[in-house]
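Just so you know, the protein sequences line up as chains A and B, in that order.
Under numbering that gives the first Met the number 0, think of the first position of the first sequence as 0, with each following residue one higher.
Under numbering that gives the first Met the number 0, think of the first position of the second sequence as 0, with each following residue one higher.
2 protein chains.
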Amino acid sequence: MGRDRAIVLASGGMDSCVSAAIAQRTHDIAMLHFSYGQRTEARELKAFHDVAGALDAASRLVIRMGHLAAIGGSSLTDTSIPVSPADLGARDIPSSYVPFRNANLLSAAVSWAEVLGANAVFFGAVEEDSSGYPDCRKSFFQAFEAAVREGTRPTTEIHIITPVIGSTKAEIVRMGMELRAPLHLTWSCYQREDRACGVCDSCALRLRGFREAGVEDPIPYVTRPVYT
Amino acid sequence: MGRDRAIVLASGGMDSCVSAAIAQRTHDIAMLHFSYGQRTEARELKAFHDVAGALDAASRLVIRMGHLAAIGGSSLTDTSIPVSPADLGARDIPSSYVPFRNANLLSAAVSWAEVLGANAVFFGAVEEDSSGYPDCRKSFFQAFEAAVREGTRPTTEIHIITPVIGSTKAEIVRMGMELRAPLHLTWSCYQREDRACGVCDSCALRLRGFREAGVEDPIPYVTRPVYT
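Encoded structure:
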């Protein structure tokens, strides 16, 4: 008997990198990446492959999900909508929210999990730091897992595991260091592909996390504002 | 104030055609079709456009969802797995089951609904006639609607409506006749594109439905066995 299998959704960013390292302690991991018209798609894909290689993933799948960009509604995929500058105190849903994106990603992950016989899907969503995306909340993942139970074969049991959902970015950095996750290979910036911009929501959250963890972020930035 | 908007998932088949006609009584309809590597993809797409034209849909979107075929596991998209001959008495899940397919389709539909401001997604799933696909059960759609509630904006309210889920194919044929739904433009066969094969699960269910409704199926068949 081999170990259990898990699918790990991996964007190429830090949260999913640490989630993959966590999954790997208990499961053979199959890593899944989505290209859906993100501005920084090519850079994220490179980060995905670099991380999958470093973690020695048993298999990799890249899914092109063009419909999320076609449907539109987000600055992440629609270049006519400006990326909001970071405002870590705001309670509004930011313009980078892709409507119901995570359900699209998880559905594909569960389809793959059922074919592979995997019993878990790891997803590195972070509730606190997700700037209010409704599909990043724990209550959403719980509801989705219930839908998976109803919508798959009776013999299939797939858990949706969000191992860092309650963590702060600083805690994720610390976990990553402890697990020797390849954080230096990850990419988080929503705007640039050569050096991280340092000013988008995603850069701001990342920089604040590293600062609070007392660790220097190993990736290159255009500018490194101090976020508090 | 215009009428409410609804997304209608439309395969090009009979159940979704009748569901669209039902939706149209109360909503402006936006029709959504998926190409995911079905054997009869081109024929289904033609049926979709024919039906959308006949029903005067306010908008149409065709989403190419290549990953369902890439993931595999179904005779519907994987030509190395044979299509099972119809066995309407069987309780097993047939080989044409695409793992968790409906969650993939519904997730995209909900994303589009949230962008358009639609308050309903109509899906012509049929529980009794669905030959045991787990993602065609009422309990799955209820669980999925709960996940939609948790995973979309607080101001978004989208209902998953399955207007024919409890109906027999014969009842669907009768409803279609009553609503003057363009059943003659629909396509159901899993195997052929010129004339329906008459022997796959989908043809068998359709032929039995028309026979029980006492109506002649207006589409051409290679053979028309009598299913009881």
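Every residue gets a Cβ at the ideal spot worked out from N, C-alpha and C, and that includes glycine.
Beta carbon proximity, Gln190(A) to chain B, threshold 9 Å
For Gln190(A), not one C-beta of chain B is nearer than 9 Å to its own C-beta.
Mind listing the chain B neighbours of Arg63(A)? Cutoff is C-beta to C-beta under 8 Å, in chain order.
Gly65 and His66
Does the Cβ-Cβ distance between Ala145(A) and Ala146(B) come in under 9 Å?
yes
Only counting the same chain, and skipping five residues up and downstream in sequence, which positions put a Cβ closer than 6 Å to that of Asp49(B)?
Contacts found: Leu184.
Within 9 Å, strictly: CB atoms of Val17(A) and Ile218(A):
No. Outside cutoff.
In the DSSP assignment, what residue or residues form a beta bridge with His32(A)?
Val61(A)
For a test of the three-state rule: what should DSSP assign to Ile164(B), helix, strand or coil?
coil
Taking 8 Å as the cut-off, is the C-beta of Leu44(B) nearer than that to any heavy atom in the ligand ZN?
Absence of the ligand ZN from the depicted structure is noted, as is the absence of any ligand whatsoever, leaving it without description.
Taking Ser34(A) as the reference, which of Ile21(A), Asp27(A), Gly11(A) and Ala19(A) has the closest Cα?
Gly11(A)
Run through DSSP, which three-state label would Ile218(A) get?
coil
Does the Cβ-Cβ distance between Val125(B) and Asp14(B) come in under 9 Å?
yes
Strictly below 8 Å CB to CB, what residues from chain A border Ile70(B)?
Leu60, Ala107, Ser110, Trp111 and Val114
For Arg42(B), would you say it is in contact with chain A, using Cβ-to-Cβ distances shorter than 9 Å as the test?
It does not: the Cβ of Arg42(B) has no partner Cβ on chain A nearer than 9 Å.
Could you check whether Phe121(B) and Pro181(B) sit closer than 9 Å to each other, using their CB atoms as the reference points?
No.
With a CB to CB cut of under 7 Å and the five nearest residues on each side skipped, what residues in its chain are close to Ala228(B)?
This structure cannot settle anything about residue 228(B), because the visible part of chain B is limited to 0 through 227.
What residues from the region 121 to 135 of chain A come within 7 Å of chain B, judged by C-beta to C-beta, listed N to C?
Pro133 and Asp134
Cβ closer than 9 Å: which chain A residues qualify as neighbours of Pro98(B)?
Here the neighbours are Val109, Ser110, Trp111, Ala112, Glu113, Val114, Thr151, Arg152 and Thr155.
Under 9 Å between the Cβ atoms of Arg2(A) and His26(A)?
yes
According to DSSP, is Phe99(B) helix, strand or coil?
coil
Should Val225(A) be labelled buried (16 or more other beta-carbon atoms within 10 Å of its own) or exposed?
exposed
Kindly indicate the opening and closing residues of the beta strand (DSSP E) around Phe121(A).
Ala119 to Phe121
With H, G and I counted as helix, E and B as strand and the rest as coil, what does DSSP make of Val7(A)?
strand
Check this for me: beta carbons of Phe63(B) and Gly197(A), under 9 Å apart or not?
Correcting the residue identity first, residue 63(B) is Arg in this sequence and not Phe. No, the pair does not count as a contact, with Cβ atoms beyond the cut-off.
Closer than 8 Å is the cut-off here; do at least three beta carbon pairs connect the region 200 to 218 of chain A with the region 97 to 113 of chain B?
no
Using a Cβ-Cβ cut-off of 7 Å (strictly less than) and excluding sequence neighbours within five positions of Arg42(B), which residues of its own chain qualify?
Trp186 and Glu192
Output, in chain order, the set of chain B residues within a Cβ distance shorter than 7 Å of Asn103(A).
Those within 7 Å of Asn103(A) in chain B are Ser106, Ala107 and Ser110.
Is the CB-CB distance between Leu31(A) and Leu8(A) below 9 Å?
Between Leu31(A) and Leu8(A), the gap from beta carbon to beta carbon is short of 9 Å.
Run down chain A in chain order and give the residues with a C-beta less than 7 Å from the C-beta of Ser138(B).
By Cβ distance, chain A contributes Glu149.
Which two residues bound the contiguous alpha helix (DSSP H) that contains Val17(B)?
Met13 to Gln23
How big is the Cα-Cα spacing for Glu113(B) and Thr151(B)?
Cα to Cα, Glu113(B) sits roughly 8 Å from Thr151(B).
Chain-ordered neighbours of Ala142(B) on chain A, where CB pairs are closer than 8 Å:
Listed along chain A, the residues sitting closer than 8 Å to Ala142(B) by beta-carbon distance are Ala142, Ala145, Ala146, Arg148, Glu149 and Gly150.
Return the CA-CA distance between Glu40(A) and Ile6(A), expressed in angstroms with no decimal places.
21 Å
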